[in-house]
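>
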Amino acid sequence: MQPDQPSAADSPFEVADDIDHEALAGVMRVVPLGAAVLAGSAVALLVVGYLLVYILVFLPRGTVG
Amino acid sequence: MSDDTRHSEPNVLDQSWRTWSAVAVVGIMLSGILLGALIIPIVQGRGAGLDAYTAICRALGIIPGSPAQPQPSDRTPPTPVSQVIWTPDVLQILARADVRRGHEKVQEVCVSCHGETGVSIAPDFPHLAGQSGAAIYKQLYDYRTGSRSHPQMTDIAKALDESVIADVAAYYAGQPQRNPNPVTLAEAPAAIVQLVELGDPKRNIPPCAACHRAGSGGPIETPVLAEQRQEYIVLQLKLYASGERRNDVYARMRTIAAKLTPAEIDGLAAYYRAGFR
Amino acid sequence: MRNVERLCLAHFWVAFAAFVVAAVLGTWQMWVRSPLGANVGTPGQYFMSVTAHGVSMAYVLTTFFIMGFGYFVAVTALNRPLPGKAWAWAAFWIALLGVVVTVIPIATGQGSVLFTFYPPLTASAWFYIGLVLVVVGSWIWCVLMIVAMAAWKRDNPGRPVPLAMFATVANAVMWLWTTIGVAVELLFQVIPAALGLVQTIDVGLARTLFSWTLHAIVYFWLIPAYIAFYTMVPRAAGGRLYSDTMGRLTFILFLIYSLPVGMHHLLMDPEHGNATKFIQVLLTAFVSVPTLLTIFTITASLEIAGRLRGGRGLFGWIAALPWDRPMVLATGLGFVMLGFGGFGGLINMGYGMNAMVHNTAWVTAHFHLIFGGSVVIMYFAIAYDIWPRLTGREYASLAPLRLQLWLWFLGMMIMTLPWHWVGLQGQWRRVANFNYADPIIAGWGPWVIVSLAGGAILLISAILFAANLLMLHRNRALALPRPLYALAVHPPQRVPAALNGFGLWNVLVLVLMLAAYGYPIAQFLIEPSPTAIVHRVR
Amino acid sequence: MSQTHPEMHERWILGTELLWSFGVGVFIAAALGMILFTALTISVNPPSNVERIDPKVLHLSGEFAEHNLGTTVGADGSVTVRAIATQFMFLPRCIAVPAKRRVTLRFASPDVIHGLLITGTNVNTMVVPGYVAQVHTEFTRTGDLLMPCHEYCGLGHSEMWATVQVLPDDQFKPDRDGRISCAQR
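Residue numbers (my numbering), protein chains in the order written: chain A, 2 to 66; chain B, 8 to 284; chain C, 73 to 610; chain D, 155 to 339.
The following block contains the structure:
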């Protein structure tokens, strides 16, 4: 590759990937469910953890102001 | 592509982005201000018996105090330990001191005990060669105000007029020290080196070097200890330990000296007498 | 590749050299403060090391990596030569000169004020002048990125800017905004004091100006990792990016909400009242939105890849993912650390709850997990992914790369989880030697040793990382460079101007900064705080 | 959702993202809600007291002069602790406080930035030269606690700590003029 000559491998638009359109459409019928459950439960865990630490660890140490 | 997106011109699509994002951002900011600057202070102020205006001013930091608690009052007369205050103009006086004028006053007053070049003639008179100018300035000032007393020094310091103190301090600060190469000095006992470099966490003693080594960023008035007379250091540490000498601000040295054992006091005095920095 | 390989490699090697040195220092510090290294090293050496560790990791590794990666993205994503390459080299040499000028005072003990410098403690002027040079170099990089995108948009009217470049320019714009704070503090307060022109300093104003920079700078470091999440991970996993629009929105939200929240570092400071502290805590809550959007969007993208590779059922796609590829493995490990680190951050920003953890090992654990963990592991993954392009060589095997990533993950978890526990018990920060005889501190001893073990693993991983990259230079030639950037499920044909540029968002940032920082800074101009005498560290 | 309507498909994707954003909104509301609730009901705040004091003449002033430091109990029963954070020690080095009673702690620094926390409690503040740092709290457990300086203040930073004795009510006996210091154990 000489310099200053764009290579086919670089431009994002021309680089099609080998994903078959039908397979993608099939997958897209289900997709965000798994992600939503996984990410959702992780985030819910964070919030519950935050509230538990706030009530069980922070407040018993005495008010602050 | 279905119809509606192809017909929605970019600027129409764009307009909705502009309005919605501006509304959201400004809305979140206003709710923050409303809650933080108004609702919380007022509700808390009511609990602490403060009117809304006072509570809001306290929350904004315009007047001291917490919006949720009464502010303690205080009526204690000032009885300071040392009158010396390090203000920019005091530091300017020290920086622009006239060494020649200082030298004349030294020859007239100080040379009989502290020597021409700051090497004292007797064991319990301190060497002043290469001492920190700020340290000499503070001690002379403390003698004048009575924060520190000494049979001869109190009268001498009172006799000096204000402007020449900085010059005397600058003259002695300029006198050279031996600065021996630490490698050539005799081996100092490990316990003493430990005290100087690491201090003693168990007895809450900070390292001596944390303040007394040049450039440690410690208090301004910290004296240089290197090549000081051994007997003088021992005497001063004992005076601090007994509380007889009280002109150290916030009892820094009184607290530390009280914790040192006599063996450590002698060891430290010998360590610095040898010329370690 | 337009011959920017040398430019990118130069930046990366400076970044990773500083990284390995800092990793060694970090492990030495863990040893010195543990019961095993009770009487090792003096406070002078320890705080010199802490300063060097902080400056290398937070200013050198990050700035040089971000600049190098920015040039790479500008060339490959925009598919055109880099405008002003001479300026890019000038910026590199200025920044490198800055690093040298900063390291000299640190090494001679005249810079032991730590990387977050605590006026009135004042280091040698050269320490600060060096850092200013590094920032000036990064400013030149920012201008180059903005010019590159503008040039591309001129040549491609109406087409959406590639997401990777859009995010890089968002990072550059945010960096220009946030460096105003530290630049004003250094040029008008700290450097005059260090040069001896003034004897006093307004500490309240200095801390408030530094807080202006202190939070957005961590997002300056973090955005390259998110660029990898959005534009490289879906391709590496063999899937598509779930939503390109959400990607643009995430980087815009980072630009807007990372700037007006810096005062959550000053919640325990006496120079501000509760009103401004609460406003910035509320805004800080919104700075978690882009991260939470990213977690969902990238997990969905990985789900697409996993299902395309035959993953079945609710979570079958997880096992089906190509975990043997470094980029995918790093993302998984990075998300776990992001979870723990994010939880730590959630507690830190708890308004009153900050009193429980401020300046304890809990905070140290938070930023080691998020920056040291998920961001730096993505720096590794990005480096591994683009090194073949830069050097024209191919990896013999991906095993050592995966081993390095796993070691970094394990080391970081082992080091930081105990810190949460002892942090809650009150272990405070930046201690050269603990008094393990004290009953409260004695209980921490074993946990500090566990953290030391984690530190040792991290050191091994850091050295292995440098080795992996070095060995690549001698492998066989690269056949065909793998395509790098991911395609979205629906590649955007046309994007509203608001999602293709930063005019609107700069206006909103100005509004937010005036509302959030206007009063806190104005109060010092109306009534300056009583000045404190400068304490010089020489 | 057959693939003949990809555009509706994209709108559907943005719909899921909107749903997720709604979840994020609930997440933020929960976090801020707890903060707001405790702030409004039991006044839980970070320390808030913007009170300027000149660090250069601190040791001359009445309130923070050396003899006035320590714990004092006012006529109205209010307990106030005054302490100095200076390079490399706190004065007083041991602070006596009552358990389960409101205590106001006031700190000032004559030189550089310090900071302090009391282990196991919510007392935590920076001590910035130029300002009086004030924290109101209640100590819920008795015993000896550690009060280290947790902000880098120089080479002696690691050795800068004090002790706090939280005394039960029957042992918390102020003398005639309302002052009390640590019991020597």
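Heads up, the beta-carbon is just placed ideally off N, CA and C, and yes, glycines get one too.
Bear in mind the structure is a predicted one, so any value in this text is a computation, not a measurement.
Determine, using beta carbons only, whether B/Tyr239 and B/Asp131 come nearer to each other than 7 Å.
yes
> State the Cα-Cα distance for the pair D/Ala253 and D/Val318, rounded to the nearest angstrom.
11 Å
> Any idea if C/Arg105 is buried or exposed, counting beta-carbon neighbours within 10 angstroms, 16 or more meaning buried?
C/Arg105 is buried by the Cβ-count criterion.
> Please decide whether C/Gln271 counts as near chain B, where near means a Cβ-Cβ distance under 7 Å.
yes
> Less than 6 Å between C-beta atoms, sequence neighbours within five positions excluded: which residues of the same chain meet that for B/Thr12?
Residue placement at B/Thr12 cannot be trusted, given a pLDDT of 44 that sits under 50; what the coordinates show is reported in the next sentence. There are no such residues.
> Below 8 Å on C-beta distance, what does C/Met428 contact in chain D?
Asn276, Asn278
> Give me the subset of the region 205-217 of chain D whose CB atoms are less than 7 Å from a CB atom of chain C, sorted by chain position.
Arg206, Ile207, Asp208, Pro209, Lys210
> Let me know if A/Ser42 comes out buried or exposed under the rule of 16 or more other beta-carbons within 10 Å of its beta-carbon.
exposed
> Give the straight-line distance between the Cα atoms of C/Val583 and C/Trp577, rounded to the nearest whole angstrom.
10 Å
> I'd like the ranges of any beta strand (DSSP E) spanning at least 3 consecutive residues and lying wholly in the region 209-289 of chain D.
224-227, 233-240, 243-245, 248-252, 256-262, 268-271, 278-281
> Flag A/Val74 as yes if its beta-carbon sits less than 7 Å from any beta-carbon of chain D, otherwise no.
Since the displayed chain A opens at 2 and closes at 66, residue 74 of chain A lies outside it and no answer follows.
> CA-CA distance, B/Ala141 and D/Thr273?
38 Å
> Closest to B/Val118 by C-alpha separation, out of B/Ala104, B/Pro133, B/Lys209, would be which residue?
B/Pro133
> CA-CA distance, B/Ala277 and C/Gly517?
35 Å
> I'd like to confirm the pairing. Which residues does DSSP put opposite B/Gln138 in its beta bridges?
B/Gln138 is not bridged to any residue.
> Keeping to the same chain, check which residues put their C-beta closer than 7 Å to that of B/Arg185; ignore five residues upstream and five downstream.
Glu234, Gly282
> Does the distance from the C-beta atom of C/Ala163 to that of C/Ile212 stay below 7 Å?
yes
> Near B/Thr152, what residues of its chain come up, given a Cβ to Cβ distance below 7 Å and the 5 sequence neighbours on each side ignored?
Excluding residues up to 5 positions away in sequence, Gln90 lie with their Cβ nearer than 7 Å to the Cβ of B/Thr152 in the same chain.
> With 8 Å as the C-beta to C-beta threshold (strictly closer), list the residues of the region 288-309 of chain D near chain B in chain order.
Gln288, His290, Gly308, Leu309
> Would you list, in chain order, the members of the region 221-243 of chain B that have their beta-carbon closer than 9 Å to a beta-carbon of chain C?
Answer in chain order: Ala221, Gly222, Ser223, Gly224, Gly225, Pro226, Ile227.
> Report yes or no: is there a C-beta of chain B within less than 7 Å of the C-beta of D/Gln241?
Taking a beta-carbon distance threshold of 7 Å, D/Gln241 counts as an interface residue toward chain B.
> What span of residues does the beta strand (DSSP E) with D/Asp323 cover, start to end?
No beta strand (DSSP E) holds D/Asp323; DSSP gives it neither H nor E.
> What are the partner residues of C/Thr560, as DSSP defines its beta bridges?
Residue identity check: residue 560 of chain C is Ala in the sequence provided, not Thr. The partner list for C/Ala560 (beta bridge, DSSP) reads C/Leu313.
> Using a cut-off of 8 Å between C-beta atoms, extract the partners of C/His287 located in chain B.
Result: empty, since nearest Cβ-Cβ is about 16 Å, beyond 8 Å.
> So with CB distances below 8 Å, who are the chain C contacts of A/Ala24?
Leu380
> Show which residues of chain D have a CB atom less than 9 Å away from the CB atom of B/Arg259.
Thr240, Gln241, Phe242, Met243, Leu245
> In its own chain, which residues sit with a C-beta less than 6 Å from the C-beta of D/Thr234, not counting the 5 before and 5 after it?
Thr226, Thr258
> Tell me which residue opens and which closes the beta strand (DSSP E) that D/Gly297 is part of.
Residue range 297-302 is occupied by the beta strand (DSSP E) that includes D/Gly297.
> For C/Arg432, list the residues DSSP reports as bridge partners.
Strictly speaking, residue 432 of chain C in this sequence is Thr, with Arg absent from that position. DSSP lists C/Trp500 as partners of C/Thr432.
> To the nearest angstrom, report how far apart D/Val180 and C/Thr403 are at their CA atoms.
Counting only the Cα atoms, C/Thr403 lies some 26 Å from D/Val180.
> Say whether chain A places a C-beta atom closer than 7 Å to the C-beta of D/Leu168.
no
> Can you list, in chain order, the residues of its chain with a C-beta nearer than 8 Å to that of C/Ala357? Leave out the 5 residues immediately preceding and following it.
Met421
> Specify the secondary structure class of C/Thr194 as computed by DSSP and reduced to three states.
strand
> Counting pairs of Cβ atoms below 8 Å between the region 414-431 of chain C and the region 86-106 of chain C, do you hit three or more?
no
> Buried or exposed: B/Tyr60, going by 16 or more other Cβ atoms within 10 Å of its Cβ?
Its Cβ having fewer than 16 others within 10 Å, B/Tyr60 is exposed.
> Can you find a CB in chain C that lies within less than 7 Å of the CB of B/Leu275?
no
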